[in-house]
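Engineer:
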Ligand SMILES: [Zn+2]
Ligand SMILES: [Zn+2]
Ligand SMILES: [Zn+2]
Ligand SMILES: [Zn+2]
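Chains as they are written, first to last, in our numbering: chain A, 128 to 541; chain B, 128 to 541.
1) Can you check which of these residues, B/257, B/262, B/309 and B/144, is closest to residue 218 of chain B by C-alpha distance?
2) With 7 Å set as the bound, which would you pick, yes or no: does the beta-carbon of residue 232 of chain A sit closer than that to a beta-carbon of chain B?
3) Measuring from the CB of residue 511 of chain A, is there a heavy atom of ligand 2 at a distance below 6 Å?
4) Give the range of the alpha helix (DSSP H) segment to which residue 577 of chain B is assigned.
5) Consider the C-beta atom of residue 447 of chain A and the heavy atoms of ligand 2; say whether any pair is separated by less than 6 Å.
6) Report the rounded CA-to-CA distance for residue 502 of chain A versus residue 494 of chain A, giving the unit in angstroms.
7) Output needed for residue 281 of chain B: all residues of its chain with C-beta closer than 8 Å, excluding positions within five of it in sequence on either side, in chain order.
8) Compare the C-beta of residue 360 of chain B against all C-beta atoms of chain A and say whether one is closer than 7 Å.
9) Given this structure, state the Cα-to-Cα distance separating residue 427 of chain B from residue 408 of chain B, to the nearest angstrom.
10) With a CB to CB cut of under 6 Å and the five nearest residues on each side skipped, what residues in its chain are close to residue 283 of chain A?
11) Excluding the five sequence neighbours on either side, which residues of its own chain have a C-beta within less than 7 Å of the C-beta of residue 129 of chain A, listed in chain order?
12) Given that residue 156 of chain B touches chain A, what residues does it touch there, using C-beta distances under 8 Å?
13) Return helix, strand or coil for residue 538 of chain B, following the three-state DSSP convention.
14) For residue 449 of chain A, report the span of its alpha helix (DSSP H) as first-last.
15) With 16 as the cutoff for other CB atoms within 10 Å, does residue 221 of chain B come out buried or exposed?
16) Could one say the Cβ of residue 436 of chain B lies closer than 7 Å to chain A's Cβ atoms, at least one of them?
17) Please report whether the beta-carbon of residue 278 of chain A lies at a distance below 7 Å from any beta-carbon of chain B.
18) Compare the beta carbon distance of residue 181 of chain B and residue 147 of chain B with 7 Å and say whether it is the shorter of the two.
19) Is residue 471 of chain B near ligand 3 - that is, is its Cβ less than 6 Å away from at least one heavy atom of it?
20) Residue 179 of chain A CB to nearest chain B CB: under 7 Å?
21) Going by DSSP, what residues sit across from residue 413 of chain B in a beta bridge?
22) CB-CB under 6 Å to residue 412 of chain A, same chain, minus the five flanking residues each way: which ones, in chain order?
23) Establish whether the CB of residue 273 of chain A and some CB of chain B are separated by less than 7 Å.
24) With H, G and I counted as helix, E and B as strand and the rest as coil, what does DSSP make of residue 238 of chain B?
25) Cβ of residue 361 of chain A within 6 Å of any heavy atom in ligand 2?
26) Taking residue 197 of chain A as the reference, which of A/205, A/242 and A/162 has the closest Cα?
27) Kindly indicate which three-state DSSP category residue 486 of chain A falls into: helix, strand or coil?
28) With DSSP run on the structure shown, which of helix, strand or coil describes residue 325 of chain A?
29) In whole angstroms, give me the CA-to-CA distance for residue 170 of chain A and residue 143 of chain A.
30) Check residue 159 of chain A in the structure and name its three-state DSSP category.
31) Could you work out which residues of chain B lie near residue 215 of chain A, taking near to mean beta carbons separated by less than 8 Å?
32) Output yes if chain A places a C-beta closer than 7 Å to the C-beta of residue 184 of chain B; else output no.
33) Using the C-alpha atoms, what's the distance from residue 510 of chain A back to residue 314 of chain B?
34) With burial defined as no fewer than 16 other Cβ atoms inside 10 Å of the residue's Cβ, what is the status of residue 178 of chain A: buried or exposed?
35) Is the Cβ-Cβ distance between residue 505 of chain A and residue 481 of chain A less than 7 Å?
36) Exposed or buried, what is residue 433 of chain B when buried is set at 16 or more other beta-carbons lying within 10 Å of its beta-carbon?
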């Protein structure tokens, strides 16, 4: 394998090892479903080889290509935007039932469709989400071990570093990814073990508190987020229902849980722009009443944001609340990645849409009314956006109204 | 889209147009399942765009990579070689049931696994064929319109032109592909229409003859191939069961039919080497008795050939007999492509293994005993090898024993 890449490929080796050993933690004989853009082959090939070395069964790649997605948006007839490869997604759901592990390498420019008709983009995304739902549910319910990591695609790099030439931009994005993914150290697997211990400590403390709600305050935000009945905090390494402990996201800096879909109130202002389906949405301000967004505006990309809210009833309610200190390395890097995998780890955030049932006691089997009764939200979408800033203060509110400091001045209070 | 390729990409545009309009003949609103190696993206992207322009629904790519296949052969544990992504192939079968068109772009080096353990390669191929069978059956039964074409991958090019440097080899393979695929002309779609008329004329003549058998003679070959009861000759454009007329292979020079699995006798010598699962098999000589190969040798790669024959009972019997004149452009080019898509169009050939039920009257629904009663062969494999040469003489033998000249001196007798 030879790559002429403008960055140190030894770090790709390290990232591949961390993805397989820590991210996926593939078990002896387990098959792996491996996806990503063809452009990410330098990492995808290394991940496959590491997986085989770790004793994987077969590694089955299904590679995509940004230009093919673009061709569809440019050229497909309107009616064709409602189509989706249900047969492929049903197959993927079957793979998860057969205990395949899932690995995705993100490399595409999240803004690749920025110049396309947002209505067409949204229409295609909606059809795709619908068809993907059976497979997505198994990921959301954490039925198998899975992991998403990133490769510095060139178009993405030029989006993130518009002032650099293509090679320099790719090198800069590579460095940012390696640093955020904690592989720019001697022993990434050991570094991840340490990081997971720290996230587990925060998670266990929050679980012990059993807060009824969190109260967020910062400039433009005064939001009370009720937590779901029997909510569980998660963060870092976690055990999938197949018994394998994995790290679903590389990087990850968050501890997160399931809010109560009916008990969110107040106003929130986004602290960072949100890249959604190729549109940059900035200056988001919303008002929640009884869990539902009743007012929404944005200074840029407002229509795309309103379209998102109109996806379905659940898109106006929360499915996740997550705590990330302002001191986190991704926050300190100051880089806007235009990619949730990174940007959600730069600040406290909330997610509109579907909740993770793993963040509910005995949540795995819950759907429909039973899930709703606990406060769990359902939607075709799950979109994180940042509300944390350097002045964020968070109180935990116990059932009896007692307040406990959780964040002060943007960071953990303790 | 920018490509820095050592050949004229205007010919890729023409090839893409021919693949979509003539090869696939995608119908209004029809979805397309598009596969190939990531390396073939310059052609795959053009095919997708042409398909959309032709009114396709969605084009869903599933890209592969030669190095990932190689990694498996090098690193997977032995037991893992028996695994296959059945969920993916079941999905593909479902796509065909839903009337998706199928397009594949071949670009990999057929000899890529030449240095791997042949037993491991065969084991993995067998598991894959088994899992792929439900989808393959729908292709073999011609239930949907499909087409395979080729892109000049670099490793493949270096295999075909070992004396040239990589760029020159790729340019030479590109030229050979464009010429063989009849796109190096002003109007490839018109050229294909003309070519299809010529193939149809040969096909119709053979169908009118209703031969009972063909008798092949050339140096080392004296072989009588009985034809299946109610056999039909095919060649060039043909109508799939979904009603769409397509060209499954680009290039194609053959007219072919289904032999009778019990009525083949005599001896045959291969006139060209056969590339099978990464092994070059040369100097094949076999003896048929009552349709079954009872003696087999090869001067090179004999073990791989014997392994092929041992795949299953059907691998020792014929599933196809095909007529290609020695004057065909691919034959005249003198290039050994190591790829059946091309090499089978250089000479008359026979195929071991599974037959095409489209080459039997009312053959579509036939399986098992009913198919066998007509002489149709079943197997996990279908492997073509060349027996035609410049001295090939073929007689058609009617049911009453009358002989009609079909080939003389390597070419059509008329
Ligand atoms: Zn989150
Ligand atoms: Zn989230
Ligand atoms: Zn053939
Ligand atoms: Zn054949």
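Don't be surprised by glycine CBs; every beta carbon is placed ideally from N, CA and C.
Structural biologist: Well, looking at it:
1) Here residue 218 of chain B refers to the residue found at position 91 when the second chain is read from its first residue. For residue 218 of chain B, the nearest C-alpha among the options comes from B/262.
2) On the first chain, position 105 is the one that residue 232 of chain A refers to. It does not: the Cβ of residue 232 of chain A has no partner Cβ on chain B nearer than 7 Å.
3) Along the first chain, one-based indexing puts residue 511 of chain A at 384. Residue 511 of chain A: yes, Cβ under 6 Å from ligand 2.
4) Beyond the ends of chain B as shown, which are 128 and 541, falls residue 577 of chain B; an answer cannot be given.
5) In the first chain, the residue the question calls residue 447 of chain A occupies position 320. Checking every heavy atom of ligand 2 against the Cβ of residue 447 of chain A, one is found closer than 6 Å.
6) Numbered from its first residue, the first chain carries residue 502 of chain A at position 375. Numbered from its first residue, the first chain carries residue 494 of chain A at position 367. So the two alpha carbons sit approximately 11 Å from each other.
7) The count along the second chain starts at 1 and reaches residue 281 of chain B at position 154. So the list reads 166, 293, 296 and 297, once near-sequence residues are dropped.
8) On the second chain, position 233 is the one that residue 360 of chain B refers to. Answer no: the Cβ-Cβ gap between residue 360 of chain B and chain A never drops below 7 Å.
9) For the purposes of this step, residue 427 of chain B is identified with residue 300 of the second chain, where counting begins at 1. For the purposes of this step, residue 408 of chain B is identified with residue 281 of the second chain, where counting begins at 1. Taking the straight line joining both Cα atoms gives about 5 Å.
10) Taking the first chain and counting its residues from 1, the one referred to as residue 283 of chain A is at position 156. Taken in chain order, the residues that qualify are 236.
11) As a first step, residue 129 of chain A is located in the first chain; it is residue number 2 there, counting from the start. Low confidence applies here, because residue 129 of chain A scores a pLDDT of 42, under 50, leaving its location unreliable; read the following figure in that light. Result list for residue 129 of chain A: empty, nothing under 7 Å.
12) Within the second chain, residue 156 of chain B is the residue found at index 29, counting from 1. Correct list: 204, 206 and 207.
13) As a working note, residue 538 of chain B is residue 411 in the second chain. Three-state DSSP puts residue 538 of chain B in a strand.
14) Here residue 449 of chain A refers to the residue found at position 322 when the first chain is read from its first residue. Element bounds for residue 449 of chain A: not the alpha helix (DSSP H) but the beta strand (DSSP E), 445 to 450.
15) Counting from one through the second chain, the residue named residue 221 of chain B turns up at place 94. Flag for residue 221 of chain B reads buried.
16) Here residue 436 of chain B corresponds to residue number 309 of the second chain, with the count starting at 1. Closer than 7 Å: no.
17) By one-based count along the first chain, residue 278 of chain A stands at place 151. Not closer than 7 Å to any Cβ of chain B, the Cβ of residue 278 of chain A fails to qualify, so no.
18) Mapped onto the second chain, residue 181 of chain B falls at position 54. Mapped onto the second chain, residue 147 of chain B falls at position 20. Cβ distance < 7 Å, so residue 181 of chain B and residue 147 of chain B count as in contact.
19) Translated into the one-based positions of the second chain, residue 471 of chain B becomes position 344. Yes, the beta carbon of residue 471 of chain B sits closer than 6 Å to at least one heavy atom of ligand 3.
20) As a working mapping, residue 179 of chain A is identified with position 52 in the first chain. True, the Cβ-Cβ gap to chain B drops below 7 Å.
21) On the second chain, residue 413 of chain B is found 286 positions in, with the first residue counted as 1. DSSP, once it has assigned bridges, lists B/395 and B/423 as partnering residue 413 of chain B.
22) Reading the first chain from its first residue, position 285 is the one you call residue 412 of chain A. If we look at residue 412 of chain A and ignore the five residues flanking it on each side, its Cβ neighbours are 396 and 424.
23) By one-based count along the first chain, residue 273 of chain A stands at place 146. No, no contact with chain B.
24) On the second chain, residue 238 of chain B is found 111 positions in, with the first residue counted as 1. In this structure, residue 238 of chain B counts as coil in the three-state DSSP scheme.
25) On the first chain, residue 361 of chain A is found 234 positions in, with the first residue counted as 1. No, since every heavy atom of ligand 2 falls outside the 6 Å radius drawn around the Cβ of residue 361 of chain A.
26) Within the first chain, the letter at position 70 stands for residue 197 of chain A. Per the Cα distances, A/242.
27) In the first chain, the residue the question calls residue 486 of chain A occupies position 359. Looking at residue 486 of chain A - three-state DSSP - the assignment turns out to be helix.
28) As a working note, residue 325 of chain A is residue 198 in the first chain. Correct three-state label for residue 325 of chain A: helix.
29) If you number the first chain from 1, residue 170 of chain A lands on position 43. If you number the first chain from 1, residue 143 of chain A lands on position 16. Straight-line Cα distance between these residues: approximately 7 Å.
30) Translated into the one-based positions of the first chain, residue 159 of chain A becomes position 32. Strand.
31) To locate residue 215 of chain A, count along the first chain from 1; it is residue 88. Neighbours of residue 215 of chain A on chain B, chain order: 187, 189, 215, 218 and 222.
32) Numbered from its first residue, the second chain carries residue 184 of chain B at position 57. Interface residue, yes.
33) For the purposes of this step, residue 314 of chain B is identified with residue 187 of the second chain, where counting begins at 1. For the purposes of this step, residue 510 of chain A is identified with residue 383 of the first chain, where counting begins at 1. When rounded, the distance between both Cα atoms is 49 Å.
34) Stepping through the first chain from its first residue, residue 178 of chain A is reached at position 51. Buried.
35) Walking along the first chain from the start, residue 505 of chain A turns up at place 378. Walking along the first chain from the start, residue 481 of chain A turns up at place 354. Cβ distance < 7 Å, so residue 505 of chain A and residue 481 of chain A count as in contact.
36) Here residue 433 of chain B corresponds to residue number 306 of the second chain, with the count starting at 1. Label assigned to residue 433 of chain B: exposed.
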